[in-house]
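Chains as they are written, first to last, in UniProt numbering: chain F, 1 to 263; chain C, 1 to 263; chain S, 1 to 341.
Virtual Cβ for every residue (Gly too), placed ideally from N, Cα, C.
This report concerns only the one structure given below.
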Amino acid sequence: MMRAYYAITCKAFFRNTAYRSEVWLRIFGNISIVFIQISIWRALLGTGSLNGINIEAMITYSLINASVSMMLMNKVIYVVDDKLKTGNIISDLLKPISYPLLLFYDELGNVVFQIMFTVVPTIFIAWLIFGFSFPTEPYTIVAFVISLLIALAISFLLGYLIALVSFWFLTTFALDWMVAALITVFSGSFLPLWFFSAEWRFIADMLPFQFLGFVPAAIYMGKMDASEILWMIMKGSVWILILWLATQLLWSRAIKRLVVQGG
Amino acid sequence: MNIRLFSYFVTLIIKSRMEYRGAFIIGAVGQITGYAANYLVIWLLLQNFDTINGWSWTEIAFLYSLNILTYAIGASFTYTPMVSLDQTIINGDFDKYLTKPLSPFTYYLANLFNIGYIAHIVISLLVLLWSITQVDMNWTAIKLIYLVLAIISGSFLQAAGLVVIGSLSFIFLRVRYLFEIFFKLKEFIAYPISIYGTLLQMVLTWIIPLAMINYYPSIYLFDDSVLTNKILGVVALVIGPLGFYMSYKLWMYGANKYQGAGG
Amino acid sequence: MIRVEGISKEYKQFARSTGVIGSMRNLFSREHTLLKAVNEISFSIEKGEAVGYLGPNGAGKSTMIKMLTGILVPTSGMVTVNNLVPHKHRKEIAKKVGIVFGQRSQLWWDLPVQDSFDLHKRIYNIHDTDYRTNMNIFLELLNLKEFITQPVRQLSLGQRMRAEIGLALLHNPDILFLDEPTIGLDVIAKDNIRSFIKQMNREHKVSVLLTTHDLKDIEEICPRMLIVNKGELIFDGTVDQLKSNLSPGKLITIEFESNPGNEVELANADLIADHGIRKTFKIDKGLDSAIDFVKRVSKRYPIKDFSLEDSDIEDIIRMYYRSLDNDNNIGIANQEKMSVI
C-alpha cells in the first residue's frame, strides 16, 4: 500500500515539473513579499527592539513564514471541488485506497516540488540579500521539523474540511476566502502573536491557525523552551485529531448524499 | 458603444448573477471577511507601534482603502475579461467579439463586466469614508473634488495594468503568471512607499507608477504645503487616463495582430 | 454580393513551448512552418443565392467565413462583400451580415431568450417596427414562442439553435453565414432548421452561405455548392452536376425473362453481380446512357424489369476525397476535369 502512495506522490511531483519555467516568477514573487515585510519591520523597529524582538529576528521570522506558507496544503479545497463538480469523485471512491490519503499524498508531491524548486531557492536568495540565522541546538531542528509536519497536517485537514462543507454550500471560493482571512490574522504569518494584545492573543491561542506559521517560526528561532514546545506539539496533535474526526463525520454524510443522488 | 448600451450589458449581468443569489451573497461575505482581516492585521500592528514611518493607523487605512477601492472599480471592468483572454483566444471564442458593429474592446469589456467586486467597493469605501473623518487634516471642497478625481484616475491606472497584461495574451500563449506578478507588485503599495529605498521608490513612481494610485494622492491630501507633493498629486490625476488610453492602444494592436495572424 | 478572387490565408505555426518564459523564448526563435488554410480560392455569390461550403475537417471552411466577415485578414487576394473589404469595414459589414457559429453561442446562458434579443436590438439599433415584424416571424416560424421566456440553460440543443438563427437574422442582414448550423442536432431539429433557412432564403431573399459536414443540409437548402479540400476549391456547381460529374458509375440491375448466360457484354458496362436471371451492371455515364444501355440490352434479350441505383452522394464525395489523398497528382488532374465553372 505504501508503494501506491509513493507512486501518487511521484506522479504529482512530476506533474509540477511541466510548469517549471514559472518557478522563477514564483521565487520573484516570494522574495518581493519578504522584502516588503522586512521593509515594514525596518521602518517600525529601526535599530531598536520591541518585546526583545529586533530587525534580525523579524527577517528570520518573515522568511520562515513565507517558506511555511508555500508548503501549506489548504488549497486542496479546489482539487476536491473540481472532482465534486465533474463527478470524477466517484471513480476515486472505487479505488482501494482511502480518498483523503490519496489526496494527501497527491498534495505531498506538490509540496515536495515547492520545497525543492521554490522554498530552497527563495531561502538561498533571501539569505544572500538579507542575511538569515540558523538554529544551533539540534533539538530545535527536530522540534521544527515536527512543527512543520503538524502545519502540513492541519492545513490539509482544514482545506479538506472546507471542501466537504462546500459540498453543501456549492461555493468553494467564498469559504476559501474566509479561511484565508482567518489564516492571515491568526497564523501570525505577518504580525507575530508576540505583538497581539492579551485578548487577541487569547483568541489566537484558541484557534488552530497559529500552527500554520507562528509556531514553526517561533520554534525555529528558539523563542520557545522545551516545555512550551512539548505543550504546542500536544495541542497541535489534538487539533489534528479534532479536524480529522470532523472530516470523517462530514465525509460519511457527503457519501450518503452522493449515494442517494446516485452520483 | 455608448453608456446606455454598456449599462444594459451590466443590467443583464446583474440579472444573470441574481439567478445564483445565494452564491453571490456568500461570495460577498467571503470577500468582506478577507479584506476585514487585512485591515485587522494592520490595526493590530499599529497597536504596538503607533505609526509606520510617521503614518498613523487612520492614514494607513486611508492609503490602503484607496488602493482597494480603485482596484475594485478598475477590476470590475477589466479583471475577468483580461484574465480569461488567453483562454478565450485558445478556445476560439474571441471571434464573436469581432462580429458586431461595436469596438471589440468595449464589447469584450461590457460582455464580461464583473459585478462581484461590489463587496470590495463597499468595504473599502466604508473604511475610506471613516478614515476621512478621522484623519488629522482640513477637508476643503477642492480636496474632496481632488479625491474623487484621484479615485477615477487610480481606477483607470489599475485597469490599465490589467489591460496591458491581458493584451500580451494576443502574443504569448498564456499570461496567467504575469497577473500573479502584477498582484505581487501591487503589494508594494499597500504601505507607504517611503519605507523602501530610493531606487525602489523611483521605480514605483516612474517605471511602474503604482504609487500614483494611492501614495501620491494621499500625501498631497495630507500635506499640500510641499511643492513636490502638489506636482506629483497633479501627475497622479493625469497618469491614470493616459495609462489606460495607452493600454487600450496596445490591446487594439494585439487584436489587429490576432486578425492578421489568426487564432 | 460576395466576390472572392485568389484569396489565401496562411498561418504561421511556431514550434511553441508553453508558459511565459517558453513564450519569450519563442519570441526569439523564428522557427515556424507555414500552414495554408485557404489557398488561392475564387468564387462569387449573387444576391439571394444559397451556397453550401463543404469540406472535411481542416479544409479551411471556418477560415473562409472569418475572412468574409472581417474577423480575419487574408494573407493575399481580394475579397469584397457588398463592395466593401470586410476587415477594413468590419462594423459596416457586421450590420449587413448575420453569423451563426454552430458551436459558439450568442445567447445569455442564465437569462430568458427574450433578453438576448433585446440586447441585439440595442446593439444593432433596430427600429421598433422592424423588431416587432421580425420577432413575429421568428415566434411563429421558429416557434420561439414555445420557449422565449425560458432561461437558455433549460433549452434543448435544437431550441437553442433556433434561437441562435433568429438572433442572427434579427437585424435584417443581406447575408447569413452559418458555420455547422445542424451539428449535434437530432433529425427533427435538423429538418426544422433547414426548412426555416430555406424559407428565409426563398421568401426573404437572404443570401445564405453555410459550411457543413452534413450533405443533407446542402441538398435541402443549397442549389449550389462549393467543395474544398486542403484549402483548395475542387468543385463549384449544382448538386446534380456533382452527381453526374463525380458519380463513379450507376448500378443497373436487370431481371431477364430467361438467363442470357455470361456472354452479355456491352461497351461501357461491367457485370458486377450475377444471380442467373438477375444481373447487376455498372456503367460509367449519367442517366441518359443508363437508359440507352437498358434499351440496347432489351433489344437483344427480353427483360422483365430493371432498377437503377444512384450512388449515395456522400459515398461519392468520400470516395473522391480518398482518391485525392491516395494520389495528389491524380487529385489535381481530377480537379481540372471536375471544375464546372
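Residues near residue i by beta carbon distance below 8 Å, same chain, minus five either side
i, result
"D81 of chain F", "A163, S166, T172"
"P100 of chain F", "Y160, T247, W251"
"E137 of chain F", "G222"
"V73 of chain S", "M67, H87"
Bridge-paired residues (DSSP) for residue i
i, result
"P151 of chain S", "S:P112"
"Y196 of chain C", "According to DSSP, Y196 of chain C bridges with nothing at all."
"G52 of chain S", "S:L210, S:M225"
"T280 of chain S", "S:T253, S:A273"
"D179 of chain S", "S:F101, S:T211"
"V165 of chain F", "DSSP, once it has assigned bridges, lists no residue as partnering V165 of chain F."
"W55 of chain C", "C:I52"
Neighbourhood of residue i by C-beta, 7 Å cutoff - its chain only, sequence neighbours within 5 removed
i, result
"L185 of chain C", "I208, L210"
"residue 343 of chain C", "Outside the modelled stretch of chain C, which goes from 1 to 263, sits residue 343 of chain C, for which no answer is possible."
"L193 of chain F", "R201, A204, Q210, F214"
"residue 276 of chain F", "Because residue 276 of chain F is not part of the residues shown, which for chain F are 1 to 263, the question remains open."
"A72 of chain C", "Y117, H120, I121, S124"
"Q154 of chain S", "none"
"L178 of chain C", "I165, L168"
"S67 of chain F", "V119, T122, I123"
"D110 of chain S", "P151, R153"
Short CB-CB distance (under 9 Å) between residue i and chain S
i, result
"Y20 of chain C", "yes"
"F113 of chain C", "no"
"G92 of chain C", "yes"
"T99 of chain C", "yes"
"S16 of chain C", "yes"
"residue 278 of chain C", "Any property of residue 278 of chain C remains undetermined from this structure, which presents chain C solely from 1 to 263."
"L5 of chain C", "yes"
"Q259 of chain C", "yes"
"F244 of chain C", "no"
Assigned exposure category for residue i - 16 Cβ within 10 Å defines buried
i, result
"L144 of chain C", "exposed"
"T69 of chain S", "buried"
"Q37 of chain F", "buried"
"G260 of chain C", "exposed"
"D95 of chain C", "buried"
"L147 of chain C", "buried"
"W43 of chain C", "exposed"
"W57 of chain C", "buried"
Contact set for residue i: own chain, Cβ-Cβ below 6 Å, skip 5 residues either direction
i, result
"A176 of chain S", "The sequence given here places Leu at residue 176 of chain S; Ala does not occur at that position. Only G98, V206, V208 meet the Cβ criterion."
"N201 of chain S", "A50, V208"
"Q335 of chain S", "Only weak support exists for where Q335 of chain S lies, its pLDDT of 37 falling under 50; the value from the coordinates is given anyway. Counting only Cβ-Cβ distances below 6 Å, and skipping sequence neighbours, we find I234."
"T47 of chain F", "none"
"S258 of chain S", "none"
"G102 of chain S", "D179, E180, P181, I183"
"A153 of chain F", "I240"
"K282 of chain S", "G249, L251, D270, I272"
"P81 of chain C", "Y108, L109, L112"
Any chain C beta carbon closer than 9 Å to residue i
i, result
"D82 of chain F", "no"
"R26 of chain F", "yes"
"E92 of chain S", "yes"
"T171 of chain F", "yes"
"F101 of chain S", "yes"
"G70 of chain S", "yes"
"D128 of chain S", "no"
Within 9 Å, strictly: CB atoms of residue i and residue j
i, j, result
"V29 of chain C", "A174 of chain F", "yes"
"K100 of chain C", "A94 of chain S", "yes"
"P260 of chain S", "R300 of chain S", "yes"
"I7 of chain S", "S76 of chain S", "yes"
"I240 of chain F", "A126 of chain F", "no"
"A217 of chain F", "G188 of chain F", "yes"
Closer than 9 Å to chain F by CB, residue i
i, result
"Q87 of chain C", "no"
"F49 of chain C", "yes"
"L162 of chain C", "no"
"F188 of chain C", "yes"
"G263 of chain C", "Legend: pLDDT at G263 of chain C = 37, less than 50; position of this residue unreliable, value from coordinates given subsequently. Chain F contact via Cβ: absent."
Distance cut-off 8 Å: residue i Cβ against heavy atoms of the ligand FAD
i, result
"E59 of chain C", "The ligand content of the structure shown is nil, which means the ligand FAD is not present either."
>> At a CB distance below 8 Å, what residues from the segment 179–195 of chain F approach chain B? Give them in sequence order.
In response: Absence of chain B from the displayed structure is noted, the protein chains being F, C and S.
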